[in-house]
Amino acid sequence: MTYQRFFFMFALPGLVLSDPSHSNQVVLLDTTAVLGELSWKTYPINGWDAITEMDEHNRPIHTFQVCHVMEPNQNNWLRTNWIPRQAAQKIYVELRFTLRDCNSIPWVSGTCKETFNLHYFEIDEPHGANAHFNPNDYAKIDTIAADESFTQTDLGDRVLRLNTEVREVGPIARKGFYLAFQDVGACIALVSVRVYYKKCPSTLRNLAAFPDTVPRVDSSSLVEVRGACVENAEERDTPRLYCGADGDWLVPLGRCVCSIGYEESDSLCIACRPGFYKAFAGNIKCSKCPPHSSSHTEGSSQCHCERSYYRASKDPPTMACTRLPSSPRNLVFNINETALFLEWTPPSDTGGRKDVTYDVFCFRCGADGQACEPCNSNVRFIPKSTGLTSTSVVVQDFVAHANYTFQIEALNGVSGLGRSERQLANITVSTEQAGPSLVGVVRKDWASQTSIALSWQETEQPHAAILDYEIKYYEKEQEQLSYSSTRTKSPSVIVTGLNPSTVYVFHVRARTLAGYSSYSPKFEFATGDENSEEAADQGQVLVIVTATVGGFSLLIILTLFLLISGRCQWYIKSKIKSEDKKGTQYQNGHVPFPGSKTYIDPDTYEDPSQAVHEFAKEIDPSRIQIERVIGAGEFGEVCSGQLRIPGKKEIPVAIKTLKGGYTERQRRDFLREASIMGQFDNPNIIRLQGVVTKSRPVMIVVEYMENGSLDSFLRKHDGHFTVIQLVGMLRGIASGMMYLSDIGYVHRDLAARNILVDDNLVCKVSDFGLSRVLEDDPEAAYTTTGGKIPIRWTAPEAIAYRKFSSASDAWSYGIVMWEVMSYGERPYWEMSNQDVILSIEEGYRLPAPMGCPVALHQLMLLCWQKERSRRPQFNDVVSFLDKLIRNPSSLLTLVEDVNSFPVTPEDMPDYPLFISIGDWLDSLKMSQYKNNFIAAGYTTLDSISTMSIDDVRRIGVSLIGHQRRIVSSIQALRLQFLHVQQSGFHENWTIYPEEPQ
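Given below as structure tokens:
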């Protein structure tokens, strides 16, 4: 004991104890915070010594010391009080201690140790005061050794090396536990003991409150916690966090938004101040009240209009309050024969709105101050009397020599809310100088087979005589395609020369010195039946003629039937043989490769969920580990994570989740993409790993593409790749599209944003689940469940006629080529969608990006041919790009290296994609002359464009038929090359020579 006291006499003054706070730790025991005695038990009594001293801040320091190094066979135990575990599942024990180096102790026996043992014992209730201590009840946690020990020299310098060790224990199942420290012959000072467990502390994220959460014992498993929206907030997507084993919150999903009338401030939702408002739920700030409106209370969802100002039901809350317009100005009239023209100028005050229309009210006034009455329905207004957007109207069919009053009212969107404030413009019109009034009812007096007698009441014209009447008539079945007319000075007429048993339509109008009235409404009358002798004779003649003509026609028809029947049988047989020989042809013109399958549209299934289960594999959600959120999709969050496959290595995956509160249709639309992707198996098509449909959240799991979308990836690495690397990317995209074309799938939305890139720069086509419907608004383009499909990627026939095909995908592929070569630049820059449509129709095409090889831009122009049949198919594109990759010299000539002039795809001849002399001769089936051309120095296609028939003979082509075939093709190539020269391009087949074989 004397040596032990000597050892610790110098131990404590040099110690500095710090206790940093940890927000994610719940402390169950901390000896540095205990003010009184600890009252821990020692076995035997003279084993460990408890020493309490005060530090420089007058705080107690509790230490337990043992140093029986001179005596063998030491077994000294120190036991804590019972520690309740609270909510802990796993506990952490932090020990701080000093330990003496055995070699620095003189005369020490060989039993000196430099370690001690840590034990624990779980129990639901604390021991009684007289309970017997049984070491066998305790389970060993670990043997504790010091990283640093001190010697006599250290004591002399009064510096002690403090060791800190942390051990974890778990799972803890009982209500509490004891800790015990076993000394087996060391010189130790236990300075402090801290016992704690970890938790994810309560927090606010995305306006949702998450409570304290204790992590699971399994460090690889996360605890999902659902948050509760803060006061005055509402769920937009279910807020969730995941509690990690270290007490850290991970993977925030979902969010809350401030309710109407509240805005976010310091993770809370506070009410809008007076004079401000917020009409929609969301994380936006309160807005100042629009002009002529105000709010007087906190938390206003809208601002109320000032007196005499209004807001229409369809006006957004952000719109200023408006008022009724003033009356129209400068109302004038003019009478021209039977038409009265009213004109006015817009009101001086439109009330702050642009939706001004005009209503016209008509009143006929009696003489000598008699009251005015509304005009009858015969008076017509052209184009109409209400809802006029122009400042003029034509009045017809009014009564001549009468007095009228017309009122013009200007209206806008709020006129219905303040009818008492309406203002009208008035004008009184006398129709003395007008033409005659409208003719009234027309009657049929009698009718024969070819004549109809009509009469009507003479119009009242007190100051102007009727000069005559005009009668217009036509057969009802002719729909007024042609008509006849006649005149009469009296109010009756006999119309002759009509067809028997025919309904005629009649219109009548009057004429005075001032002009014509309008035509009367239509009246329909029929002529008499055919029952005369003359008609019967005519009928007999007609029967004879008809029979003769019918017999002759029957003879002709029988002859034609025999000829056509024989030809049809020949055609059907030929067609069957052709189909048997060629097999089934696809719309894109390709014969499917052996073993290929045909794409099946999921919408053809009566139950769409059946398509999901047929083409997509169901994954157990326990095999999916979500790691982090990498984006937001149309239907929910997009996360990255790992997929555990039994017996295999974990694979990285991307997980698309369906947000909560979805409808059945949203679920079906979400899984539709999986039904499509599950049918594809190609290295350049994004691979579907499976789906989760039997639990929430519903998920689509696909392979993870490290570099994300192609357009963003290219913009991030502008100028970092060689042309060969870019061509390799294009080749991969074309290969994936060739696969889709071969199985009969039309993508419809091919763009760089829908191409994903992995860490090996492999490009894969994605985004397959969208439905597309053409809208009337050209700026809206195509409505999809994932947003808008821009016009600038879509072929003209798809925009105009909804004709989607592999050829329209080829047009889109040309745009993707342009995006790749420009490193993700926006096609057509800042042009509007309407300007893009008009420019393409006029023949404009995108110019080559800087640094683009001529060969690639020429391929783009071919993809942008207006006639879709002239665009290359994807197998041609893949073959062409393969040749470019095998011959890098073909990519050396850049567009900016030649003097170019504008050229459109329609200016270029329709020619195949030739790169070399060999390609050209192979297409002519003249490959046997390849070495003849090369030996004579003709190594490029532009060099042969000047050859004559004598040159062809001279190199050894002796057969006349071969000479003619080759010369004919050279003439076509010469024409093509001339187009290219005029456009400033060296054709892509003129770039590199071939060597003799």
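In mature numbering (1 follows the signal peptide of the UniProt record, and there is no 0), the protein residues as written are -18 to -1, 1 to 979. Glycine residues also receive a C-beta, built at the ideal position from the N, C-alpha and C atoms.
According to DSSP, simplified to helix, strand and coil, what is residue i?
i	result
F695	helix
K122	strand
D427	strand
D892	With a pLDDT of 43 at D892, under the threshold of 50, the predicted position of this residue should be treated as unreliable, though the coordinate-derived value follows. D892 falls in the coil class under three-state DSSP.
N857	helix
H44	strand
A656	helix
T14	helix
I973	Legend: pLDDT at I973 = 34, less than 50; position of this residue unreliable, no value from coordinates given.
S560	Note that S560 scores a pLDDT of 35, beneath 50, so its modelled location is shaky and nothing firm can be said.
residue 995	Because the chain here runs from -18 to 979, residue 995 falls outside it and cannot be looked at.
I601	coil
G577	Summary for G577: the model assigns pLDDT 43, below 50, so the residue's position carries little reliability; its value from the coordinates is reported in the next sentence. Of the three classes helix, strand and coil, the one that applies to G577 here is coil, per DSSP.
E245	strand
E616	coil
L(-4)	With a pLDDT of only 48 at L(-4), under 50, the local geometry of the prediction cannot be trusted, and the value read off the model is given with reservation. Coil.
T886	Unreliable positioning characterises T886 in this predicted model, as indicated by a pLDDT of 44, which lies under 50. The coordinate reading is nonetheless provided below. Coil.
E596	helix
residue 987	Outside the shown range of the chain (-18 to 979) lies residue 987, about which nothing can therefore be said.
H101	strand
G334	coil
E288	coil
V949	helix
E19	coil
Report the option in the options whose CA atom is closest to the CA atom of residue i.
i	options	result
T34	N28, S21, I27, Y25	S21
V477	S500, S499, Q431, D511	Q431
A384	L370, K698, R346	R346
A113	N63, T93, P153	N63
S821	Y102, A918, K471, K848	K848
E147	T80, V205, I154	T80
V475	L495, L436, Y486	L436
A215	N394, S241, F750	S241
V175	F115, I43, N85	I43
F132	E107, G152, I87, P117	I87
R493	D450, S483, M301	D450
Y721	Q671, E685, N664	N664
P117	H101, D124, T125	H101
V448	Y455, Q439, Y456	The question names Val, but residue 448 is Ile in the sequence shown. I448 has its Cα closest to that of Q439, out of Y455, Q439, Y456.
N742	F703, A777, A733	F703
V9	V75, R222, Q816	V75
L223	G229, E217, V233	V233
Q624	R605, I715, T332, V818	R605
T97	I601, D511, C84	C84
C357	D337, D379, S372	D379
For the putative contact between residue i and residue j, defined by C-beta atoms under 8 Å, what is the C-beta separation to the nearest angstrom?
i	j	result
S788	S723	4 Å
G806	M842	About 16 Å separates the two Cβ atoms, so there is no contact after all.
N866	V744	Asn is not the amino acid found at residue 866; the sequence shown has Leu there. Contact doesn't hold; Cβ gap of about 18 Å is too wide.
V728	I667	Not really, about 14 Å apart at Cβ, beyond 8 Å.
K454	S472	Actually they do not touch by this definition, with Cβ atoms about 17 Å apart.
C238	R208	Actually they are not in contact, since the Cβ atoms of C238 and R208 sit about 11 Å apart, beyond 8 Å.
Which ranges does the alpha helix (DSSP H) cover as unbroken runs of at least 4 residues, wholly within the region 344 to 417, from first to last along the chain? none
Should the region 308 to 327 be called in touch with the region 401 to 409, which here means at least 3 C-beta pairs below 8 Å? yes
Quick check for students: name the residue ranges of the alpha helix (DSSP H) that lie wholly in the region 74 to 98, counting only runs of 4 or more. none
Between the region 192 to 203 and the region 165 to 181, are three or more C-beta pairs nearer than 8 Å? yes
Can you confirm whether the region 198 to 205 touches the region 248 to 261 when touching is taken to mean that 3 or more C-beta pairs between the two stretches lie within less than 8 Å? no
Does the pairing of the region 64 to 71 with the region 47 to 54 give three or more beta-carbon distances under 8 Å? no
Ranges of the alpha helix (DSSP H) found wholly within the region 675 to 723, counting only runs of at least 4: 692 to 698
In chain order, what are the residue ranges of uninterrupted beta strand (DSSP E) at least 3 long that sit wholly in the region 774 to 857? none
Please specify which runs of the alpha helix (DSSP H), each continuous and at least 4 residues long, are wholly inside the region 130 to 215, giving them in chain order. 134 to 139
Could I get the ranges of all uninterrupted beta strand (DSSP E) runs contained in the region 454 to 498, with 3 residues as the minimum, in chain order? Correct list: 466 to 470, 474 to 477, 485 to 494.
Touching or not, the region 318 to 329 and the region 279 to 297, by the rule of three or more beta carbon pairs under 8 Å? no
Quick check: the region 635 to 649 against the region 690 to 701, are there 3 or more CB pairs under 8 Å? no
May I have a chain-ordered list of the beta strand (DSSP E) segments no shorter than 3 residues that lie completely inside the region 902 to 934? Runs found: none.
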